[in-house]
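Chains as they are written, first to last, in the numbering used here: chain B, 9 to 287; chain D, 9 to 287; chain C, 9 to 287; chain E, 9 to 287. Cβ atoms here follow ideal geometry from the backbone N, Cα and C, with glycine treated the same way. Source: prediction; values computed, not measured. Some notes on the structure that comes next.
Number of protein chains: 4
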Amino acid sequence: MCRWLAYSGDPILAEDLLFRPVHSLIDQSLHSRMGATTTNGDGFGIGWYGDDPAPAVFKATEPAWNDRNLHEIASHIRTRLLFAHIRASTGTPVQRSNCHPFRFDQWLFMHNGAITGFHEIKRDLMLAIDPSLFPDVEGSTDSETLFFLALTFGLMDDPPGAVERAVGLVEDVGHRHGIEHPIQMTVATSDGSSIWAFRYSSAGRSRSLFYSTDVVALRQLHPEVPVLRTLSDEARLVVSEPLGDLEGAWNEVPESSWGVVRAGDDELHPFRLTPTGAT
Amino acid sequence: MCRWLAYSGDPILAEDLLFRPVHSLIDQSLHSRMGATTTNGDGFGIGWYGDDPAPAVFKATEPAWNDRNLHEIASHIRTRLLFAHIRASTGTPVQRSNCHPFRFDQWLFMHNGAITGFHEIKRDLMLAIDPSLFPDVEGSTDSETLFFLALTFGLMDDPPGAVERAVGLVEDVGHRHGIEHPIQMTVATSDGSSIWAFRYSSAGRSRSLFYSTDVVALRQLHPEVPVLRTLSDEARLVVSEPLGDLEGAWNEVPESSWGVVRAGDDELHPFRLTPTGAT
Amino acid sequence: MCRWLAYSGDPILAEDLLFRPVHSLIDQSLHSRMGATTTNGDGFGIGWYGDDPAPAVFKATEPAWNDRNLHEIASHIRTRLLFAHIRASTGTPVQRSNCHPFRFDQWLFMHNGAITGFHEIKRDLMLAIDPSLFPDVEGSTDSETLFFLALTFGLMDDPPGAVERAVGLVEDVGHRHGIEHPIQMTVATSDGSSIWAFRYSSAGRSRSLFYSTDVVALRQLHPEVPVLRTLSDEARLVVSEPLGDLEGAWNEVPESSWGVVRAGDDELHPFRLTPTGAT
Amino acid sequence: MCRWLAYSGDPILAEDLLFRPVHSLIDQSLHSRMGATTTNGDGFGIGWYGDDPAPAVFKATEPAWNDRNLHEIASHIRTRLLFAHIRASTGTPVQRSNCHPFRFDQWLFMHNGAITGFHEIKRDLMLAIDPSLFPDVEGSTDSETLFFLALTFGLMDDPPGAVERAVGLVEDVGHRHGIEHPIQMTVATSDGSSIWAFRYSSAGRSRSLFYSTDVVALRQLHPEVPVLRTLSDEARLVVSEPLGDLEGAWNEVPESSWGVVRAGDDELHPFRLTPTGAT
């Protein structure tokens, strides 16, 4: 029930992504046009990569729209890879450890959606987390559990496969508990050089997900829009909801798909559930 | 740009007022039907009278809808006079000292609306506050300034007259600064036994204000509604927006009026600007 | 590394317990005389019983000494059974769900001390929690885990036995992981009518714990102290550190003991580790 | 009653200044050796200069020692001029707008100490603030008032003279109200290229203030200390309390003095009260 944004490209000031666009993520926190919930006021977070391999995260429980520190920091962070997330809680407490993006080593992870009946199947899911990772779970959300399942299933080596296996496990465990449609999600994850984005739901009616059109093409389409001249050719955004209304700028990620944004060609593939053998 | 509620009557559990009604104040904090702003997520406060003459206040900067302490306290406070307020900031910081209701001695005060051009006329308004009261101003809102002006002009002796004089001063100072419509407000104030409520705006288009119908009459009208049997005959609510859709339950306070709720007969009067002689 | 207080007796204003005494718990939050940590600024909580069987809890992440809401509420809560706790984190995040007292149904629980090597043995301990209780764990502390283990081992039926079994499990699991002294604790728990207090540590060097002398005896000893006249004959305090310096007022709970405070005679017993059969 | 640090030199990671030193500012927030108050847990703030002329500020009301966002940001901010401040409130609320450093345009300002009897003389002091600056006062502290008085008296053109005149006014107003020793302070202010530091108190017993020895000299004195090799020749720290115990590293700023740290030679001068003509 959240909203998120992932950016990759030449270093850009965070505020140019978060506050400047007409229908920016911060605007969306007050009035989403497409989300299941119109207010996303239950905390927020940003994660970004700088000189270190490990990203920094800044997360807080206030609504993003009135956090002055977010404005301050966003006006001084210049980054080539940024994640931003605004949260609408589905029941778990509003606390920093429940805010996205989650981090492990040099990986970031954020999620929009929910695991159905999470309260009932939480224990089974947590038992499937690698024992060496288990104590690093800090919060109480379904999203963080999904992240740790993906880590358990090899996120660092094969991100698409690991997410497919993690989701497969959630489906298996959910079905065993009589849950018809166990998961609903869009997900983004990164290791600091590529961004993987996923759109999937058990019921086949996933929340929205869009990626930005190639900047070179967009510039030819809209020579009158100055911001496009400042974006690098490689710049790419993946968002839960389009920023602004620029025609031709946004492409919907198809139902049950995943894509990768990276130097060279981007890719888009079908999302395939992998039997986990866990049941 | 806020929403508020004032209750007077037999002792009642705060949660029965704040969380139980169909279109409760907490619901309104997420989705107001009538307010100028649809989300009131910039802090909240409640004030209530117990055994002491001085009221207690509980205020916080989180959105009311996800503050667990508010739920806890509301389920253990039984009070005969309650103020509750949810805030949508018009620019001043989201901090406890800017949350309503404000308190001075045994008085509570809360406000929905704004002083136009407050940044420009703040100094002139604050200079008009009694020097002995000046250092007790803790926050930075137009609303608290209005409260201290009312205290300066005799709120404790003549609440309607004091508010009229305070508003008169705001009009005078505003006009001197070329502001056409200096104030927009609904206000409630109490000394612990009566509640005075005000509806006024320079432009004659004030925010909404309603008071509840006499409970005895309402019970005859709706014998099928159980909650009416639990309310005492003297129970009265004044609200910025009706709770629920019960026909005949809510009466609009007319434009430019003030009323008083107290033991014995309630009253409703026109609001008259008083020249302050301050200019 | 925390400090706590438990009160049972005639209804008393919370602020008389929390703020009035010379060396009050709030004073201690800034400058403890006896604690392992001199500052307890990582959140606080109070829990109290009113008309309902279930207690209310008010918890926050600010230091107790500068939380204005705590002052407000304490001056309006009159209760016959109060728990109060100030936290010094041993590493887990400062968030509301990690503040004591913890609550389940009508039970409260608070803890001073630590489970050694908790990060390593957390998974094994959490697996021992009853699966039906598992999803109700909200935070990430060793203390809450201990509470849920006690609930698993029958806290509601046999509080002393359940705590002994929970501690026995922690000892077993710790020893299996090569931890010499797995636990250090003083604990208080209540169902709303009795208070059970525990003092134990694997190394036999537990943190301090005191209970107040019978008020009748204390009044004879100190006829000059007015506050003693306002306390009821049954009033009893259990504290991690004495409040004030009144001679004869405080008795140390012996190492490896538990006691119960309730209507009728209080009791004091040795704390016996019970093999859990869990290993 | 606070502690602060100001750094100027080659760009350095904020965490190297805030968290790395043996007796770092964050350590001091828990256990100050020299301050009047041993715990500084009532909020904190940092301000730093990047590419823009205007500095960024990050301030929060939690104790600095447990704010995870501070750790995150400090590990990603590389700056040539940093202010950091930890607060122990002398009575005004713990809220972001009362945390230091304060900012106006490209200026930062922070203060340790107090204006005696501030509650009584606040109105007179605020009336002396330039009317065009008055509405920009956001908080309620004596420190922010002192900053705005310095701005009023020409901080941007002549920092030492403006602070002398502002302090002169505080002395005058205080004496008129019968306050014997109206002010106690160490202050730092910067425009992004120089740092001015002040030590003064009416009673001639000011809080401590130190500046670091020239790095070139220090390196010769301590060839064995590796951190000195990483500091640039121009690096200079001004601190309310020495970091670490390195012999010869710290020099006390004399009572009633001010100094300036900048490219080229640093200077140290006597602080002279200037009659303000305000009385």
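Two segments are said to touch when three or more pairs of C-beta atoms, one from each, lie closer than 8 Å; by this definition the region 212-228 of chain B does not touch the region 178-185 of chain B. C/H127 is positioned such that its CB atom lies closer than 8 Å to that of B/P143. B/V224 has its alpha-carbon roughly 44 Å from the corresponding atom of E/P109. Judged by beta-carbon spacing, D/A136 lies beyond the 8 Å limit of D/L116, meaning their Cβ atoms are not closer than that value. Chain D places a beta carbon closer than 8 Å to that of C/S83, counting this residue as a contact. Within the same chain, E263, S264 come within 8 Å of B/G212 by CB-CB distance, once the 5 residues on both sides are set aside.
The beta carbon of D/G147 sits closer than 6 Å to the beta carbons of S105, N106 from its chain, once the five residues preceding and following it are set aside; these are given in chain order.
Taking 4 residues as the minimum length, the alpha helix (DSSP H) runs contained wholly in the region 136-201 of chain C are 150-160, 167-184, in order along the chain.
Taking every protein chain shown into account, the CB of C/G58 has 16 or more other CB atoms within 10 angstroms, so this residue is buried. In the three-state DSSP reduction, D/R237 falls in the helix class (H, G or I).
Within the same chain, and ignoring the five residues on either side of D/R207 in sequence, the residues whose Cβ sits closer than 6 Å to its Cβ are T194, S214, L217, V261, S265. In the DSSP assignment, C/A68 falls within the unbroken beta strand (DSSP E) covering 64-68.
The way I'd put it, the region 9-25 of chain D does touch the region 90-100 of chain D; three or more beta-carbon pairs between them come closer than 8 Å. Think of a sphere of 7 Å around the beta carbon of D/L38: the chain B residues whose beta carbon falls inside it are T47, in chain order.
Taking the Cα of E/H277 as reference, the smallest distance to any Cα among E/H189, E/S240, E/E172, E/Q228 is reached at E/E172.
Ranking C/A257, C/P63, C/I203 by CA distance to the CA of C/L229 puts C/A257 first. At a cut-off of 3 residues, the continuous stretches assigned as beta strand (DSSP E) that sit fully inside the region 238-265 of chain B are 244-247, 258-260. Between the C-alpha atoms of E/R28 and B/E188 there is a straight-line separation of about 53 Å. Around the beta-carbon of B/G252, fewer than 16 other beta-carbon atoms lie within 10 Å, marking it exposed. B/I123 is positioned such that its CB atom lies closer than 8 Å to that of B/I191. The Cβ atoms of E/M118 and E/A196 lie closer than 8 Å to each other. The beta carbon of E/P19 is closer than 8 Å to those of R86, T87, R88 in its chain, skipping five residues each way along the sequence. At a beta-carbon threshold of 7 Å, none of the residues of chain E lie near D/K67; the nearest stands roughly 11 Å away. Each residue's CA atom was taken as its position, placing D/G169 and D/F279 some 9 Å apart. Around the beta-carbon of C/S16, 16 or more other beta-carbon atoms lie within 10 Å, marking it buried. The straight-line gap separating the alpha-carbon atoms of B/N259 and B/R244 is approximately 12 Å. For D/E152, the closest Cβ of chain C is not nearer than 8 Å. Note that the C-beta distance between C/G186 and C/I129 is not below 8 Å. Taking C-alpha positions only, C/I203 is separated from C/E70 by approximately 27 Å.
Each of C/G121, C/R111, C/I54 was checked against the Cα of C/A68, and the nearest Cα belongs to C/I54. As the crow flies, the alpha-carbon of E/R227 is around 9 Å from that of E/V235. Comparing alpha carbon positions, the residue from D/F52, D/R111, D/R76, D/E275 closest to B/T100 is D/R76. Listed along the chain, the chain C residues whose CB falls inside 7 Å of the CB of B/E146 are P101, S148. With respect to the 8 Å criterion, B/E242 and B/A271 are classified as neighbours on the basis of their beta carbons. As the crow flies, the alpha-carbon of C/S198 is around 49 Å from that of B/V247. Taking each of E/G121, E/S201, E/A62 in turn and checking the Cα distance to E/R111, the smallest one comes out for E/A62.
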